[in-house]
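Visitor:
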Amino acid sequence: MGKKTFSVDTMRREINLSLKNSTKSYSTPDVRRGLMDALEYVLHQSGNYKGFRYLLLDEVPAGELPGIVVHGTIEDTPYEVRFAEGTVDRTRVEYF
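Counting along the sequence shown from 1, when you hit position 77 you're at 77 in the UniProt record's numbering, and nothing is skipped either side.
#1: Are the stretch 49 to 68 and the stretch 17 to 37 touching, with three or more C-beta to C-beta distances below 8 Å?
#2: Does the pairing of the stretch 37 to 48 with the stretch 63 to 74 give three or more beta-carbon distances under 8 Å?
#3: Do you know offhand how far TYR79's Cα is from VAL69's?
#4: Would you kindly work out how many angstroms separate the C-alpha atoms of ARG53 and VAL31, rounded to a whole number?
#5: Is it the case that the Cβ atoms of VAL42 and VAL8 are separated by a distance below 8 Å?
#6: Using the beta-carbon count (16 or more within 10 Å), is TYR26 buried or exposed?
#7: Helix, strand or coil: how does DSSP classify TYR41 here?
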């Protein structure tokens, strides 16, 4: 089998779209976690890892949990509220 190359940036963009737009009928947190693990490996190995951020409620499909809960500003929202169990899905992220 011949060696293939691909754009890390394209992979990042496509996985970001899946992490943002997938719904319960399409994907589960376990599937998204697998995408995250694969992407993080490629980003670190290629020297392209620049971090990530959690997605807000208005950035995920209706009826889905956000990656973080913020009331007002992030500074005004206690950590315990931002990541309260059952109110967030930590696989709702966007990689830079």
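We treat Cβ as the ideally placed atom computed from N, Cα and C, and that holds for glycine.
Guide: Reading it off the structure:
#1: yes
#2: no
#3: 9 Å
#4: 19 Å
#5: yes
#6: When all chains shown are included, TYR26 counts as exposed.
#7: helix
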